[in-house]
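Remarks on the structure that follows.
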Amino acid sequence: MNTTIIESRISDNRKRLLSHPLYNAISNLGDLQVFTTHHVFAVWDFMSLLKALQRELTCTTTPWFPKGSNDTRYLINEIVLAEESDLDQDGNRLSHFEMYLNAMEGLDVNTDLIVNQIVTISNHNNPIEQISKTDIPDFVKRFLTFTFEIIERNQPHEIAAAFTYGREDLIPEMFTEILKGMRVEEGVDLTAIRYYFDRHIELDGDEHGPMAHKMVALLCGDDSVKWEQAAHVANESLQKRIELFDGIYAAIGVPELV
Numbered sequence: 447m448n449t450t451i452i453e454s455r456i457s458d459n460r461k462r463l464l465s466h467p468l469y470n471a472i473s474n475l476g477d478l479q480v481f482t483t484h485h486v487f488a489v490w491d492f493m494s495l496l497k498a499l500q501r502e503l504t505c506t507t508t509p510w511f512p513k514g515s516n517d518t519r520y521l522i523n524e525i526v527l528a529e530e531s532d533l534d535q536d537g538n539r540l541s542h543f544e545m546y547l548n549a550m551e552g553l554d555v556n557t558d559l560i561v562n563q564i565v566t567i568s569n570h571n572n573p574i575e576q577i578s579k580t581d582i583p584d585f586v587k588r589f590l591t592f593t594f595e596i597i598e599r600n601q602p603h604e605i606a607a608a609f610t611y612g613r614e615d616l617i618p619e620m621f622t623e624i625l626k627g628m629r630v631e632e633g634v635d636l637t638a639i640r641y642y643f644d645r646h647i648e649l650d651g652d653e654h655g656p657m658a659h660k661m662v663a664l665l666c667g668d669d670s671v672k673w674e675q676a677a678h679v680a681n682e683s684l685q686k687r688i689e690l691f692d693g694i695y696a697a698i699g700v701p702e703l704v
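Following the working numbering from start to finish, the sequence shown increments by one per residue and tops out at 704.
Below, the structure written as structure tokens:
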């Protein structure tokens, strides 16, 4: 099995996601506020997948000693560099999560409660347990729970599959569709949110996506079992994203999906 076979396995769910009616449902500022209020949790847990990979593929403890493959160390560290300390539209160094929060505030979304919820989950020794107790919609809880279940299994090839096929490989096309669908009233400043989307389209399409694909291939190698596990996780990751978008679509208040 190889990446071509994974792509064949996930093609149906990928098409479903990229044709989701959510993209055309964002027609005003209120819709965009609803979208970002829920989607921000996906931006955050992406960073957790990223750091789980860095933990598994590099030495992050002291005393330091080289760990794993030189190639996978390079790939994950390069991706971490941009995701944790990229330049925003004003030239400030920020993580992409912090950029997203700033963009939300530019849309007049109060992010205090969201940040407090994420801090509470982050500080708990059992994030899955804390997610279940957090006052967020059930469809968001299910999305986050899946992510942290993958992380807790400590299987680098599975984490990389979720990261690559559920996130990096998907984001450029997904955000392109969101930008096409955004039709908000005149006078609303979309500069920060458009920069965030455009930056991901550029970065993930040209750099991080190909690097993530290579990382999956290196981690699976010639092991057919690992390729099968990676394909399963990749497909399930897309299904969870579809369910997340179904929930956001319903929260915007458009007619139910049929």
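Quick reminder that beta carbons are idealized off the backbone N, C-alpha and C, glycines included.
1) Going by the beta-carbon positions, is the gap between A663 and T610 smaller than 7 Å?
2) Under the three-state reduction of DSSP, which class applies to L533: helix, strand or coil?
3) Can at least three beta-carbon pairs, one atom from the region 595-609 and one from the region 643-650, be found at a separation below 8 Å?
4) How is R539 classed by DSSP in three states: helix, strand or coil?
5) Which ranges would you report for the alpha helix (DSSP H) in the region 593-657 if only whole runs of at least 4 residues count?
6) Have a look at P512 and N523 and give me their C-alpha separation to the nearest angstrom.
7) Can you tell me the Cα-Cα spacing of E502 and Q675, whole angstroms?
8) Compute the beta-carbon to beta-carbon distance between A528 and Y642, rounded to the nearest angstrom, for a pair I have assumed lies under 8 Å.
9) I'd like the list of long-range same chain contacts for R462, defined as Cβ closer than 7 Å, with 5 residues on each side in sequence excluded.
10) Could you tell me the alpha carbon to alpha carbon distance between L703 and G514, rounded to whole angstroms?
11) Answer yes if the region 616-624 comes into contact with the region 527-546, meaning at least three C-beta pairs across the two stretches below 8 Å, and no otherwise.
12) How about Q479 and V586: do their beta carbons lie closer than 7 Å?
13) With H, G and I counted as helix, E and B as strand and the rest as coil, what does DSSP make of T415?
14) Distance, Cα to Cα, M493 vs L590?
15) Can you tell me whether P602 is buried or exposed? The criterion is at least 16 other CB atoms within 10 Å of its CB, across all chains shown.
16) Kindly indicate the opening and closing residues of the alpha helix (DSSP H) around S457.
17) Which residue from T518, S465, L496 puts its Cα closest to that of C666?
18) Roughly how many angstroms lie between the CA atoms of L547 and D536, to the nearest whole one?
19) Using a threshold of 7 Å, state whether the C-beta atoms of D692 and T593 are closer than that.
Looking at the atomic coordinates:
1) Walking along the sequence shown from the start, residue 663 turns up at place 217. Walking along the sequence shown from the start, residue 610 turns up at place 164. Against a cut-off of 7 Å, the Cβ pair of T610 and A663 comes out as no contact.
2) Within the sequence shown, numbered from 1, the residue matching residue 533 stands at position 87. It is a strand residue.
3) Short answer: they don't touch.
4) Locating residue 539 in the sequence shown gives position 93, counting from the first residue. Residue state, collapsed to three classes: strand.
5) As far as the region 593-657 is concerned, its whole alpha helix (DSSP H) runs of at least 4 residues are 602-609, 617-627, 637-649.
6) Against the sequence shown, residue 512 aligns to sequence position 66. Against the sequence shown, residue 523 aligns to sequence position 77. In this structure, the CA atom of P512 is about 13 Å from the CA atom of N523.
7) Here residue 502 corresponds to residue number 56 of the sequence shown, with the count starting at 1. Here residue 675 corresponds to residue number 229 of the sequence shown, with the count starting at 1. Linking E502 to Q675 through their CA atoms gives a straight-line distance of about 17 Å.
8) Taking the sequence shown and counting its residues from 1, the one referred to as residue 528 is at position 82. Taking the sequence shown and counting its residues from 1, the one referred to as residue 642 is at position 196. That belief does not hold up - the Cβ atoms of A528 and Y642 are roughly 13 Å apart, past 8 Å.
9) Stepping through the sequence shown from its first residue, residue 462 is reached at position 16. Excluding residues within five positions, the ones whose Cβ falls inside 7 Å are I688.
10) Translated into the one-based positions of the sequence shown, residue 703 becomes position 257. Translated into the one-based positions of the sequence shown, residue 514 becomes position 68. Interpretation of L703 is limited by its pLDDT of 48, a score under 50 that renders its predicted location unreliable; the figure taken from the coordinates is listed afterwards. Whole-angstrom Cα-Cα distance: 45 Å.
11) By the criterion of at least three beta-carbon pairs nearer than 8 Å, the region 527-546 is not in contact with the region 616-624.
12) Mapped onto the sequence shown, residue 479 falls at position 33. Mapped onto the sequence shown, residue 586 falls at position 140. No, they are not a contact pair.
13) Absent from the model: residue 415. The displayed extent of the chain is 447 to 704, so no value can be given.
14) Residue mapping note: residue 493 aligns to position 47 of the sequence shown, counting from 1. Residue mapping note: residue 590 aligns to position 144 of the sequence shown, counting from 1. The alpha-carbon atoms of M493 and L590 are separated by roughly 12 Å.
15) Working through the sequence shown from its first residue, we reach residue 602 at position 156. For P602, the number of other beta carbons within 10 angstroms of its own is at least 16, and it is reported as buried.
16) Translated into the one-based positions of the sequence shown, residue 457 becomes position 11. Counting along the chain, the alpha helix (DSSP H) containing S457 begins and ends at 449-464.
17) Stepping through the sequence shown from its first residue, residue 666 is reached at position 220. Among T518, S465, L496, the Cα nearest to that of C666 belongs to T518.
18) Indexing the sequence shown from 1 puts residue 547 at position 101. Indexing the sequence shown from 1 puts residue 536 at position 90. Approximately 15 Å, taken between the alpha carbons.
19) The count along the sequence shown starts at 1 and reaches residue 692 at position 246. The count along the sequence shown starts at 1 and reaches residue 593 at position 147. No, Cβ-Cβ distance for D692 and T593 is not below 7 Å.
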